[in-house]
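**Student:** Okay, here's the structure, questions in a sec.
Chains as they are written, first to last, in the working numbering: chain A, 327 to 540; chain B, 327 to 540.
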């Protein structure tokens with residue numbers, strides 16, 4: 327059985343959980359608490375030396391990190407990964423866009439405002455991120471003016487990658503009502519078979535906490 | 327013939343040029359000058375609405391952006407892209423790592439120090455980036471302690487993606503002598519057939535400037 331390391335609140339972990347749910351793949355989750363800084367702990371670094379969630383452990387013990395790489399791996403041979411190189415490249419294009427031009431602003435502002443120790447001290451950073459995050463949302467809005475999905479002509483891991491932090495962008499201070507095409511796309515994504523919410527458990531086994539023996 | 331949009335100084339453009347050179351693929355380059363802010367110009371946004379280099383235009387007019395997606399597309403069927411899903415996922419893992427945990431610190435400090443209007447005003451940002459950039463170099467050093475290459479057991483687009491900004495990290499104030507395995511890996515990469523330097527032109531046609539008609 328696959329083992330997923332990560333916490334429910336993390337959008338990067340949610341991407342993998344959403345795909346696992348939509349592919350109906352049994353797995354267990356081991357909770358790695360970000361607020362308690364467990365990703366940086368010795369116990370987790372023994373699994374993933376980079377100290378970041380999510381990490382996926384296969385039954386044979388091999389471990390894969392980086393949410394985008396995990397989505398790619400799990401989606402092979404499924405409808406969530408297109409079957410021609412051009413569409414595949416477009417899917418990856420949007421996944422790289424998400425990691426480089428979207429997540430560092432939209433997810434980070436959500437983190438600073440929801441979980442940060444002192445949002446006041448981070449005011450300038452939050453303001454700078456708001457500008458860049460809105461640029462990312464404008465890019466998405468423009469694309470969705472002519473397309474139903476990102477990357478391919480159907481729902482794919484690109485949509486899963488972008489859904490994760492876009493659907494909670496308001497928690498980072500972003501006003502999604504200014505982006506009607508993005509809002510409509512979020513609704514279409516939510517209506518896909520097997521969709522789960524961010525805080526909805528997908529583990530088909532009891533959830534372990536990091537440090538509990540397996 | 328393929329058309330590549332971008333300037334020579336950009337590491338993200340260099341990734342694509344290096345692969346094109348090593349695959350011996352004829353192409354022409356259209357220069358998009360970053361210091362003159364041409365990526366954000368109307369003329370370039372007509373090609374790539376996101377306003378970022380590199381962008382690759384196929385003969386049929388389709389355009390692909392994001393260096394990682396372009397590397398993926400061009401490497402299909404070549405020795406630079408492994409042939410099994412696990413190694414492919416590992417290659418992508420390092421490419422996502424590069425874009426999320428390496429480039430925003432190492433490339434950005436190089437940009438601020440070399441091309442920035444006022445490095446003094448950016449001193450705090452440069453110092454913060456130095457910490458994160460060194461973490462990325464430590465992650466690479468640890469991996470290279472047990473592996474010859476990133477991602478697969480041979481030179482791949484993951485190595486190309488990481489080479490681009492690592493080999494000029496000293497221009498961003500990073501001391502590579504502290505990372506002997508990284509330094510040795512840079513030498514191995516430089517010794518690969520078809521390797522070209524950052525400022526070495528690869529265009530097999532005269533270089534056009536943005537705005538010149540084609």
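Don't be surprised by glycine CBs; every beta carbon is placed ideally from N, CA and C.
From this set, A:527, A:440, A:524 and A:405, which residue's C-alpha is nearest residue 499 of chain A's C-alpha?
**Tutor:** Out of A:527, A:440, A:524 and A:405, A:440 has the C-alpha closest to the C-alpha of residue 499 of chain A.
**Student:** In chain B, what lies closer than 7 Å to residue 394 of chain A by C-beta?
**Tutor:** Within 7 Å Cβ-Cβ: 418 and 422.
**Student:** Using CA atoms only, rank isn't needed, just tell me which of B:385, B:452, B:460 and B:423 is closest to residue 485 of chain B.
**Tutor:** Cα-wise, what sits closest to residue 485 of chain B is B:423.
**Student:** I'd like the span of the alpha helix (DSSP H) that includes residue 521 of chain A, first residue to last.
**Tutor:** Residue 521 of chain A -> no alpha helix (DSSP H), and no H or E assigned at all.
**Student:** Kindly indicate which three-state DSSP category residue 505 of chain B falls into: helix, strand or coil?
**Tutor:** Reduced to three states, the DSSP call for residue 505 of chain B is coil.
**Student:** Can you give me the start and stop residues for the alpha helix (DSSP H) that residue 419 of chain B sits inside?
**Tutor:** Its alpha helix (DSSP H) spans residues 411-423.
**Student:** Does the CB of residue 412 of chain B have a neighbour CB from chain A at under 9 Å?
**Tutor:** For residue 412 of chain B, the answer is yes, since a Cβ of chain A falls inside 9 Å of its Cβ.
**Student:** Check for me: the beta strand (DSSP E) holding residue 481 of chain A runs from which residue to which?
**Tutor:** It is not in any beta strand (DSSP E) - residue 481 of chain A carries neither H nor E in the DSSP assignment.
**Student:** Would you call residue 332 of chain A buried or exposed, if buried means 16 or more other Cβ atoms sit within 10 Å of its Cβ?
**Tutor:** So residue 332 of chain A counts as buried.
**Student:** Along the chain, which unbroken stretches of the beta strand (DSSP E) at least 3 residues long are found entirely within the region 457-481 of chain A?
**Tutor:** Runs found: none.
**Student:** Can you name the residues of chain A whose CB is closer than 7 Å to the CB of residue 391 of chain B?
**Tutor:** Those within 7 Å of residue 391 of chain B in chain A are 419.
**Student:** If we ignore side chains and look at the alpha-carbon of each, how far apart do residue 340 of chain B and residue 495 of chain B end up?
**Tutor:** Taking the straight line from one Cα to the other gives about 14 Å.
**Student:** Please classify residue 482 of chain A as buried or exposed, where buried requires at least 16 other C-beta atoms within 10 Å of its C-beta.
**Tutor:** Its Cβ being crowded by 16 or more others within 10 Å, residue 482 of chain A is buried.
**Student:** Would residue 417 of chain A and residue 478 of chain A be called neighbours here (beta carbons separated by less than 9 Å)?
**Tutor:** Their beta carbons are under 9 Å apart, which means residue 417 of chain A touches residue 478 of chain A by this criterion.
**Student:** Residues of chain A with a CB under 7 Å from the CB of residue 433 of chain B: which are they?
**Tutor:** None at all; the shortest Cβ gap to chain A is about 11 Å.
**Student:** Whose Cβ in chain A lies nearer than 7 Å to the Cβ of residue 425 of chain B?
**Tutor:** Here the neighbours are 422, 425 and 426.
**Student:** List the endpoints of the continuous alpha helix (DSSP H) containing residue 300 of chain B.
**Tutor:** In the structure as shown, chain B begins at 327 and stops at 540. Residue 300 of chain B is therefore absent and cannot be evaluated.
**Student:** Which value, in whole angstroms, describes the spacing of the CA atoms of residue 434 of chain A and residue 391 of chain A?
**Tutor:** Rounded to whole angstroms, residue 434 of chain A to residue 391 of chain A spans 19 Å at the Cα level.
**Student:** How many angstroms separate the CA atom of residue 412 of chain A from the CA atom of residue 446 of chain A?
**Tutor:** When rounded, the distance between both Cα atoms is 45 Å.
**Student:** Would you kindly check if the distance between the Cβ of residue 473 of chain B and the Cβ of residue 524 of chain B is under 9 Å?
**Tutor:** Taking 9 Å as the Cβ cut-off, residue 524 of chain B and residue 473 of chain B do not qualify as a contacting pair.
**Student:** How is residue 393 of chain B classed by DSSP in three states: helix, strand or coil?
**Tutor:** The answer is helix: DSSP assigns residue 393 of chain B an H, G or I state.
**Student:** Going by other Cβ atoms of all chains shown within 10 Å of its Cβ, with 16 needed for buried, is residue 338 of chain B buried or exposed?
**Tutor:** Counting Cβ neighbours within 10 Å, residue 338 of chain B comes out buried, since at least 16 surround it.
**Student:** Mind reading off the beta-carbon distance from residue 400 of chain B to residue 334 of chain B? Whole number of angstroms is fine, and I expect it under 8 Å.
**Tutor:** Actually they are not in contact, since the Cβ atoms of residue 400 of chain B and residue 334 of chain B sit about 18 Å apart, beyond 8 Å.
**Student:** Is there at least one Cβ from chain B nearer than 9 Å to residue 356 of chain A's Cβ?
**Tutor:** For residue 356 of chain A, the answer is no, since every Cβ of chain B falls outside 9 Å of its Cβ.
**Student:** Hey, is the region 393-409 of chain B in contact with the region 457-464 of chain B, meaning 3+ C-beta pairs nearer than 8 Å?
**Tutor:** Contact between the region 393-409 of chain B and the region 457-464 of chain B is absent, because fewer than three Cβ pairs lie under 8 Å.
**Student:** Is residue 356 of chain A helix, strand or coil when you go by DSSP?
**Tutor:** Reduced to three states, the DSSP call for residue 356 of chain A is strand.
**Student:** Name the one or two DSSP bridge partners that residue 534 of chain A has.
**Tutor:** Bridge partners of residue 534 of chain A: A:356.
**Student:** DSSP three-state call for residue 381 of chain B: helix, strand or coil?
**Tutor:** Reduced to three states, the DSSP call for residue 381 of chain B is strand.
**Student:** Let me see if you follow: with CB-CB separation under 9 Å, is residue 540 of chain B close to chain A or not?
**Tutor:** Because the pLDDT of residue 540 of chain B is 49, which lies under 50, any placement of that residue in the model is unreliable, and the number read from its coordinates should be weighed accordingly. Judged by the 9 Å Cβ criterion, residue 540 of chain B is not in contact with chain A.
**Student:** Are the CB atoms of residue 527 of chain B and residue 355 of chain B nearer to each other than 9 Å?
**Tutor:** For residue 527 of chain B and residue 355 of chain B, yes; Cβs fall inside 9 Å.
**Student:** Given a cut-off of 9 Å, decide if residue 361 of chain B and residue 379 of chain B are closer than it, judged by their beta-carbon atoms.
**Tutor:** No. Outside cutoff.
**Student:** Could you work out which residues of chain A lie near residue 376 of chain B, taking near to mean beta carbons separated by less than 8 Å?
**Tutor:** Residues of chain A passing the Cβ test: 423, 427 and 465.
**Student:** Could you tell me which of B:351, B:342, B:372 and B:343 sits nearest to residue 536 of chain B, measuring between CA atoms?
**Tutor:** Nearest of B:351, B:342, B:372 and B:343 to residue 536 of chain B, Cα basis: B:372.
**Student:** Just checking my contact of residue 490 of chain B with residue 398 of chain A at CB under 8 Å: how many whole Å lie between their CB atoms?
**Tutor:** With 8 Å as the limit, residue 490 of chain B and residue 398 of chain A do not qualify as a contact, their Cβ atoms being about 21 Å apart.
**Student:** Between the region 466-496 of chain B and chain A, which residues of the former have CB atoms less than 7 Å from a CB of the latter, in chain order?
**Tutor:** Within the region 466-496 of chain B, the qualifying residues are 468.
**Student:** Looking at the structure shown, is residue 512 of chain A part of a helix, part of a strand, or coil, going by DSSP?
**Tutor:** Here residue 512 of chain A sits in helix by DSSP.
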